[in-house]
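All remarks here apply to the structure that follows.
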Amino acid sequence: MMKTTTTLLAGLIGLSALNAAVQAQEIPAPGTPKIQFAETTHDFGKISDVASVSGAFKFKNIGTGVLKMETPKPSCGCTVAAVNPDTLAPDATGEIPFTLSLGFYKGVLEKHIAVRSNDPLTPEVSLTIKVDYTPLYELDPMTLSPDLAFGSNDLAQVTTITRTDGKPLQISRLEGSQPWITATVAPASGTNASSATIHIAIHREGQPRRFNEYVRIYSADSTNDTPVSSIYLYGQVSGEVALSPEALYWSVPSGTNVTGERPESLVLRRVTIRSASGQVLTLKNPKSTIKGLTVELVPKETGQVYELVARLGETPASSLAGNVSFETSVAAQPRIEVPVIVNVFKP
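Numbering (the numbering used here), first residue to last: 22 to 368.
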């Protein structure tokens, strides 16, 4: 009798341990799938002279049911990932192949891939890719902010390019993204052949505007006809009509009482508009594309300076964007649009 009781007690203890293991996610319940990765982090260490890195995360279905995988979701557009296969029988293996494009910036990169499946205990696994990346070509600076002032037809900008492995640059050509952007390269004074100065010229062409352009850099020893680096240009061609600031922005809490008295700082925004040439300037017909936003033009110095006053009469239900426009007497800038953003947040 004692032996039977002991055997029964041992069985109950074993069953309790099994249930505890299932609850602790150590082993799957009968008839269910379970995913197990050989590793969840892939660290490439220090990398240079490559445009991308590739690899694969291996996994296995250690459960007793069919494992069904969803399409992996990378944390950024620079990473591409897939799953092969997407359905696995018990004890079958698969992989998540990936490619990470490194771009032109130096830095320690950490990207993630979210992998979902029908594993009830681990429905999502986060995979990590790490790279300590040094591009073969470094620019200082990589980004330029040229401002071609009114009355100027050309603007010069300079940056320095260095090949980080110490070998000669061998730059074959430079290509601007627009015909009005030209670039030349010359060995930098006092440096070896692995460094040079790039001279960029912005030429006035077309209407006054903001622009977002680039200069591509090509090397003679590149294995394919792809740029080894790029210089980014975020600037503007200024016209006779100058604005300060160049955009209107509100950040208001949701549920703001639109009928009650509110402080001017919450309601009003102002833009100063000047004649950069000193010629007489006439502005008229201010308009807004945003409901509840009224605008008026107030002369401050006759023919020279105006103030655009924008009043937010009601708080929109959610954040939105639009513009305020007005007409001018300047032939090159007959109509000007001022970007408007109203950010509505929960207090």
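Even glycine gets a Cβ: it sits at the ideal position worked out from N, Cα and C.
Alpha carbon to alpha carbon, what distance is there between GLY128 and LYS67? Position 46 of the sequence shown, counted from the start, is the residue given in the question as residue 67. Position 107 of the sequence shown, counted from the start, is the residue given in the question as residue 128. Spanning the alpha carbons of LYS67 and GLY128 requires a straight line of approximately 10 angstroms.
On a Cα-Cα basis, can you pick out the residue from LYS312, SER309, ILE294 and ARG332 that is closest to GLU322? Locating residue 322 in the sequence shown gives position 301, counting from the first residue. Closest option to GLU322, judged by alpha-carbon separation, among LYS312, SER309, ILE294 and ARG332: ILE294.
So, is the C-beta of GLU131 closer than 8 angstroms to a C-beta in chain C? Absent here is chain C; the protein component of the structure consists of one chain.
Do GLY256 and PHE171 have their beta-carbon atoms positioned less than 8 angstroms apart in this structure? To locate residue 171, count along the sequence shown from 1; it is residue 150. To locate residue 256, count along the sequence shown from 1; it is residue 235. In this structure, GLY256 does not lie closer than 8 angstroms to PHE171 by Cβ.
Supposed contact pair THR218 and THR181 - C-beta distance, whole angstroms, cut 8 angstroms: In the sequence shown, residue 181 corresponds to position 160, counting from 1. In the sequence shown, residue 218 corresponds to position 197, counting from 1. A Cβ-Cβ distance of about 6 angstroms is found for the pair THR181 and THR218, placing them in contact under the 8 angstroms criterion.
Can you check whether the CB of THR149 is closer than 8 angstroms to the CB of HIS133? Start at 1 with the first residue of the sequence shown, and residue 133 comes out as number 112. Start at 1 with the first residue of the sequence shown, and residue 149 comes out as number 128. In this structure, HIS133 lies near THR149, with their beta-carbon atoms less than 8 angstroms apart.
Quick check: the Cα distance between GLU226 and GLN199, rounded to an integer number of angstroms? Counted from its first residue, the sequence shown places residue 226 at position 205. Counted from its first residue, the sequence shown places residue 199 at position 178. The alpha-carbon atoms of GLU226 and GLN199 are separated by roughly 10 angstroms.
Expressed to the nearest angstrom, what Euclidean distance is found between the alpha-carbon atoms of PRO95 and VAL146? In the sequence shown, residue 95 corresponds to position 74, counting from 1. In the sequence shown, residue 146 corresponds to position 125, counting from 1. The straight-line gap from Cα to Cα measures roughly 12 angstroms.
For LEU142, the first and last residue of its enclosing beta strand (DSSP E): Taking the sequence shown and counting its residues from 1, one reaches residue 142 at position 121. Going by DSSP, LEU142 is part of no beta strand (DSSP E) at all; its letter is neither H nor E.
Do PRO93 and ASN105 have their C-beta atoms closer together than 8 angstroms? Indexing the sequence shown from 1 puts residue 93 at position 72. Indexing the sequence shown from 1 puts residue 105 at position 84. Contact: no.
Rounded C-alpha distance that separates LYS151 from GLU159: For this step, residue 151 is matched to residue 130 along the sequence shown. For this step, residue 159 is matched to residue 138 along the sequence shown. In this structure, the alpha-carbon of LYS151 lies about 20 angstroms from that of GLU159.
Per-residue DSSP class, three states only, for SER275: Stepping through the sequence shown from its first residue, residue 275 is reached at position 254. Assigned with DSSP and collapsed to three states, SER275 falls in coil, not helix or strand.
Beta-carbon spacing of PRO368, PRO284 below 8 angstroms: Position 347 of the sequence shown, counting from 1, holds the residue named residue 368. Position 263 of the sequence shown, counting from 1, holds the residue named residue 284. Not closer than 8 angstroms, so no.
Below 8 angstroms between beta carbons: does that hold for ILE311 and LEU289? Position 290 of the sequence shown holds residue 311. Position 268 of the sequence shown holds residue 289. The answer is no: Cβ separation not under 8 angstroms.
When the Cα of TRP201 is compared with those of ILE357, TYR235, THR336 and THR108, which residue comes out closest? Position 180 of the sequence shown holds residue 201. Checked all of ILE357, TYR235, THR336 and THR108; the closest Cα to TRP201 is TYR235.
Using three-state DSSP, classify VAL71 as helix, strand or coil. Taking the first residue of the sequence shown as 1, we reach residue 71 at position 50. Three-state result, VAL71: coil.
Near LYS188, what residues of its chain come up, given a Cβ to Cβ distance below 7 angstroms and the 5 sequence neighbours on each side ignored? Translated into positions along the sequence shown, residue 188 becomes position 167. Counting only Cβ-Cβ distances below 7 angstroms, and skipping sequence neighbours, we find SER215.
Can you tell me the Cα-Cα spacing of ASN245 and ALA222, whole angstroms? Residue numbering aside, residue 245 sits at position 224 when the sequence shown is read from its first letter. Residue numbering aside, residue 222 sits at position 201 when the sequence shown is read from its first letter. Each residue's Cα considered, the two are about 27 angstroms apart.
Please name the residue in VAL365, LEU333, ASN306 and VAL330 whose C-alpha comes closest to that of GLU348. The residue given as residue 348 occupies position 327 in the sequence shown. The candidate whose alpha carbon is nearest that of GLU348 is ASN306.
With a Cβ-Cβ cutoff of 8 angstroms, do ILE56 and SER138 count as a contact? Indexing the sequence shown from 1 puts residue 56 at position 35. Indexing the sequence shown from 1 puts residue 138 at position 117. Yes, the pair counts as a contact, with Cβ atoms nearer than the cut-off.
Identity of the residue in PHE65, THR53, PRO54 and ASP70 nearest SER240 by Cα: Here residue 240 is taken as the residue at index 219 of the sequence shown, counted from 1. Checking every option, the nearest Cα to that of SER240 belongs to ASP70.
DSSP beta-bridge partners for ALA204? In the sequence shown, the residue the question calls residue 204 occupies position 183. Beta-bridge partners of ALA204 (DSSP): ILE221.
Just grab the DSSP bridge partners of PRO360 for me. In the sequence shown, residue 360 corresponds to position 339, counting from 1. According to DSSP, PRO360 bridges with ASN344.
Let's test the definition: count the other Cβ atoms within 10 Å of the Cβ of SER122 and tell me whether it reaches 16, buried, or not, exposed. In the sequence shown, residue 122 corresponds to position 101, counting from 1. SER122 comes out exposed.
Length of the line joining the Cα atoms of ARG237 and PHE125: The sequence position of residue 237 within the sequence shown is 216, counting from 1. The sequence position of residue 125 within the sequence shown is 104, counting from 1. Across the structure, ARG237 and PHE125 are spaced so that their CA atoms are roughly 11 angstroms apart.
Just grab the DSSP bridge partners of LEU333 for me. Start at 1 with the first residue of the sequence shown, and residue 333 comes out as number 312. DSSP, once it has assigned bridges, lists LEU314 as partnering LEU333.
Counting only the same chain and skipping the five closest in sequence on each side, list residues whose C-beta sits under 7 angstroms from that of PRO167. Counted from its first residue, the sequence shown places residue 167 at position 146. Hits under 7 angstroms: LEU176, GLN178, ILE223, LEU254 and GLY256.
Three-state secondary structure (DSSP) at LEU176? In the sequence shown, the residue the question calls residue 176 occupies position 155. Strand at LEU176.
Same chain, Cβ closer than 7 angstroms to PHE366, five either side skipped, listed in chain order: Position 345 of the sequence shown, counting from 1, holds the residue named residue 366. Taken in chain order, the residues that qualify are SER272, PRO274 and SER275.
Around the Cβ of THR114, are there at least 16 other Cβ atoms within 10 angstroms (buried) or fewer (exposed)? Along the sequence shown, read from residue 1 onward, the residue named residue 114 stands at position 93. By the Cβ neighbour-count rule, THR114 is exposed, with fewer than 16 other Cβ atoms within 10 Å of its own.
How many angstroms separate the CA atom of LEU109 from the CA atom of ALA59? For the purposes of this step, residue 109 is taken as residue 88 along the sequence shown, with counting starting at 1. For the purposes of this step, residue 59 is taken as residue 38 along the sequence shown, with counting starting at 1. LEU109 and ALA59 have their C-alpha atoms spaced approximately 16 angstroms apart.
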